[in-house]
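Counting from 1, one number per residue, gives the positions in the sequence shown under full-length UniProt numbering.
What follows is a set of notes on a single structure, which appears directly below.
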Amino acid sequence: HLFIHSISIFQAVLIILHLSPFGSLLFSPFSSHLSSSSPIPHRERESFDSESLLSPFPQISSSGGISAMDRSPKRRSISPDDATRFPDEVLERVLALLDSPKDRSAVSLVCRDWYSAESWSRRHVFIGNCYSVSPEIVARRFPRIRSVTLKGKPRFSDFNLVPDNWGADVHSWLLVFASEYPFLEELRLKRMRVTDESLEFLALNFPNFRALSLLSCDGFSTGGLASVATHCKNLTELDIQENGIDDFGGEWLSCFPDNFNTLEVLNFSHLNTDVNPDVLERLVSRCRSLKVLKVNRSISLDCLQRLLVSAPQLTELGAGSFSQELTPRQHADLEHAFGLCKNLSVLTGLWEATAMNLSAVYPACSRLSFLNLSYTALQSQELASLLPHCPCLRRLWVLDSVGDKGLEAVGANCPSLEEIRVFPADPFDEDMINAVTESGIVAVSQGCPKLHYILYFCRQMTNAAVATVVRNCPDFTHFRLCIMNPGQPDHTTNQPMDEAFGSVVKTCKKLQRLSVSGLLTDLTFKYIGKYAKNMETLSVAFAGSSDLGMQYVMEGCSKLRKLEIRDCPFGNAALLSGLEKYESMRSLWMSACNVTMNGCRVLAREMPRLNVEVMKEEGSDDCKADKVYVYRTVAGPRRDAPPSVLTVSSL
1 HLFIHSISIF QAVLIILHLS PFGSLLFSPF SSHLSSSSPI PHRERESFDS
51 ESLLSPFPQI SSSGGISAMD RSPKRRSISP DDATRFPDEV LERVLALLDS
101 PKDRSAVSLV CRDWYSAESW SRRHVFIGNC YSVSPEIVAR RFPRIRSVTL
151 KGKPRFSDFN LVPDNWGADV HSWLLVFASE YPFLEELRLK RMRVTDESLE
201 FLALNFPNFR ALSLLSCDGF STGGLASVAT HCKNLTELDI QENGIDDFGG
251 EWLSCFPDNF NTLEVLNFSH LNTDVNPDVL ERLVSRCRSL KVLKVNRSIS
301 LDCLQRLLVS APQLTELGAG SFSQELTPRQ HADLEHAFGL CKNLSVLTGL
351 WEATAMNLSA VYPACSRLSF LNLSYTALQS QELASLLPHC PCLRRLWVLD
401 SVGDKGLEAV GANCPSLEEI RVFPADPFDE DMINAVTESG IVAVSQGCPK
451 LHYILYFCRQ MTNAAVATVV RNCPDFTHFR LCIMNPGQPD HTTNQPMDEA
501 FGSVVKTCKK LQRLSVSGLL TDLTFKYIGK YAKNMETLSV AFAGSSDLGM
551 QYVMEGCSKL RKLEIRDCPF GNAALLSGLE KYESMRSLWM SACNVTMNGC
601 RVLAREMPRL NVEVMKEEGS DDCKADKVYV YRTVAGPRRD APPSVLTVSS
651 L
């Protein structure tokens, strides 16, 4: 009864937190005079960091505010007669029911007891910027962490806009984790520098380690993977995807012990080396709990067929090359093997698939919810033949080689589709005949009313088409339109694309992420500032008329957390218009704009809790700030910046 009563009170507190006019301001260290069960006084709320509920785990993310709370929470005994407090065990059990990081963060600010209980009961932590906090602060704030997700370089490192030696080395984090989190089980890294020495250290110092995910990381080789395979006896997940890896051969796969059988996830789809098929088949046959298998292009269809027979329990499959010429018997065997996979919900890979080979997957398509065809340049008819076999599809990734006709097939066959991404097959081929246009995405919106996520690369678009799309699908949370010709107007009227994105922000009240492109004036940004009240991430390229554009966004978008700008006419006035905003944001990126070093110095002087970094191009003007990266930190300026990265606050 006490437990049920606790949940009811707990839910009521959450409602109060969310409905309170100060709900967005509830983030601050507790004052030393607060009692363990006292609420936060009104007078103290007014000085709180404004990003409390916007950032996952705000106490340790780039929203800051941890410095005065930087201490180990101490558990204290609770008197049974104290009716105003929950017993620790009950409170921690209630907290364990919360999945939302925002709710957990809000709860931790109710009183000292709840702060302490949330700290001790937290098992996973997400850090969106490895320089926003130090590993020592994280360890003191959350002493019982078992799982860590850590991100490093800015997203523009994916486009070679960040120096190779920029930083984000994971090793300093591992050293702290080894002493503070010896029972760490999961580590998920994105855009971090990871060396073979770090992987070996990880494998040797965490006896309970189970899951390693490396996405867009660099600095390591297959030798580091061999260390993980050799020493991580309880490994259940090895996910290696889109990394800059030195590939010295496929022998690392043979380093798993002969009695090893615990893998549930194995993804090496982006490794270039040949893998011994016999070694892979033996490993897969031993791991009876394997649910996710994604292989690279070296795996033949014959080998894939045998893998599927050994592991029909798979729920996610990343197939290798699909271009092999098959005999009728081989095709029938492969088709039968796919038919054995009764639980398959995700299918990806299928490199260079031919129409004939693609038909072999049909028996497994009826339960697919996610189909990733972005590695094979299917034509419209091939996609049209495949989609009727996928009635449950909710996510679809394709190349623009499918053309508008292919997208018409999507609209006709995928009524439950929620996400579509259309990538360019060749972004440098301006004369591609079958590239998608506005007609394709309109067709998708007409047949897929549940659509709420779109990433669309195209070479032409109209204001009317975008207005039609959002009218058909008003629940967009992510709208990312990339017109690949910079400054491209509406090709039917030759007018700017302002009204297109005006339609998006006016219609889509749930919009969280927006990417804009095409010929855009400041009017677009005026619309965004006025209507995009729930938007958290905005990406802008080759757009805007003046500093006013960025000023509209900074003044109007109260929930903005990430702003990415490149090749725009925004200068110092635009940069400094966000002075009141940057501490509640995760980051700001500006490259090839009109920002100067003096503007960056003013920002650093006015906002000393920000790290203002400038990446200088070789031979560039000393007065010009080529690439500016701004983020909130509670760890101070970083000490590992290369000479090409200047921390302006230290100048």
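Just so it is clear, CB atoms sit at the ideal spot from N, CA and C, and this is done for glycine as well.
Here the structure is a predicted model, which is why all the values come from computation and not from measurement.
Taking only beta-carbon positions, decide if Ala573 is within less than 9 Å of chain C.
-> This model lacks chain C altogether, as it is built from one protein chain only.
6 Å Cβ shell around Cys287 - same chain, five flanking residues per side excluded | Apart from sequence neighbours up to five positions away, the residues of its chain that approach Cys287 with a beta-carbon distance below 6 Å are Asn261 and Leu263, ordered along the chain.
Contact belief for Ile454 with Phe479 at Cβ below 8 Å, rounded distance in angstroms = That belief holds up - the Cβ atoms of Ile454 and Phe479 are roughly 6 Å apart, short of 8 Å.
Could you name the residues of the same chain whose beta carbon sits closer than 6 Å to that of His270, not counting the 5 residues immediately before and after it, in chain order?
-> So the list reads Gln241 and Glu242, once near-sequence residues are dropped.
To which residues does DSSP link Thr537 through a beta bridge?
-> In the DSSP assignment, the residues bridged to Thr537 are Arg513 and Lys562.
For Leu399 versus Leu393, is the C-beta distance shorter than 9 Å?
-> Their beta carbons are not under 9 Å apart, which means Leu399 does not touch Leu393 by this criterion.
Under the three-state reduction of DSSP, which class applies to Gly249: helix, strand or coil?
-> Coil at Gly249, not helix or strand.
CA nearest to the CA of Pro642, picked from Asn165, Leu95, Arg155 and Pro143 = The shortest C-alpha to C-alpha distance from Pro642 to any of Asn165, Leu95, Arg155 and Pro143 is the one to Asn165.
Please list the segments of the alpha helix (DSSP H) lying wholly inside the stretch 547–623, counting only runs of 4 or more residues, in order along the chain.
-> If we require 4 residues or more, the alpha helix (DSSP H) runs fully inside the stretch 547–623 come out as 547–556, 572–576 and 597–606.
Spatial neighbours of residue 679 within its chain, please: CB distance less than 6 Å, with the 5 preceding and 5 following residues excluded, ordered by chain position.
-> Past the boundaries of the shown model lies residue 679; the chain is included only from 1 to 651, so the question cannot be answered.
Using only alpha-carbon positions, find the residue among Arg144, Val614 and Gln551 that is nearest to Tyr631.
-> Nearest of Arg144, Val614 and Gln551 to Tyr631, Cα basis: Val614.
Extent of the continuous alpha helix (DSSP H) run through Trp173 = Note, Trp173: alpha helix (DSSP H), His171 to Glu180.
First through last residue of the beta strand (DSSP E) which encompasses Lys151 = Per DSSP, Lys151 belongs to the beta strand (DSSP E) from Ser147 to Lys151.
With which residues is Leu399 paired in a DSSP beta bridge?
-> As computed with DSSP, Leu399 is found in a beta bridge with Phe423.
Taking the alpha-carbon positions, what's the Ile209 to Thr195 distance?
-> Position check: residue 209 holds Phe in this sequence, whereas Ile was assumed. Approximately 18 Å, taken between the alpha carbons.
For Pro391, which residues from the same chain have a beta carbon less than 7 Å from its beta carbon, with the 5 sequence-adjacent residues on both sides left out?
-> Annotation for Pro391: Ser366 place their beta carbon closer than 7 Å to its own, counting only its chain and skipping 5 residues before and after.
Hey, could you find the ends of the alpha helix (DSSP H) Asn472 is sitting in?
-> Counting along the chain, the alpha helix (DSSP H) containing Asn472 begins and ends at Asn463 to Asn472.
Can you give the Cα-Cα distance for Ile60 and Ser359, rounded to whole angstroms?
-> For Ile60, the pLDDT reaches just 41, beneath the cut-off of 50, and the residue's location in the model is therefore unreliable, although a value from the coordinates is still provided. Those two C-alpha atoms are separated by around 49 Å.
Using DSSP with H/G/I as helix, E/B as strand and the rest coil, what is Tyr362?
-> The answer is helix: DSSP assigns Tyr362 an H, G or I state.
Presumed contact (8 Å Cβ cut-off) between Trp173 and Leu204, rounded CB distance | Cβ atoms of Trp173 and Leu204 stay farther apart than 8 Å, at about 16 Å.
Between which two residues does the alpha helix (DSSP H) carrying Lys526 extend?
-> For Lys526, the enclosing alpha helix (DSSP H) covers residues Asp522 to Tyr531.
Helix, strand or coil: which one does DSSP assign to Val284?
-> DSSP places Val284 in the helix class (H, G or I) of the three-state scheme.
Gly563 and Leu538 closer than 9 Å at C-beta | The amino acid occupying residue 563 in the given sequence is Leu; Gly does not appear at that position. A distance below 9 Å separates the beta carbons of Leu563 and Leu538.
Proximal residues to Glu281 (C-beta, below 8 Å), its chain only, five neighbours per side dropped | Cβ within range, chain order: Cys303, Arg306, Leu307 and Ser310.
Do you know offhand how far Met590's Cα is from Pro569's?
-> Going from the Cα of Met590 to the Cα of Pro569 covers about 11 Å.
Could you please give the first and the last residue of the uninterrupted alpha helix (DSSP H) stretch that includes Ile441?
-> For Ile441, the enclosing alpha helix (DSSP H) stretches over residues Glu438 to Gly447.
Extent of the continuous alpha helix (DSSP H) to which Lys294 belongs = For Lys294, no alpha helix (DSSP H) encloses it; the enclosing beta strand (DSSP E) starts and ends at Val292 to Lys294.
For Gly318, which beta-bridge partners are listed by DSSP?
-> Gly318 is bridged by DSSP to Lys294 and Thr348.
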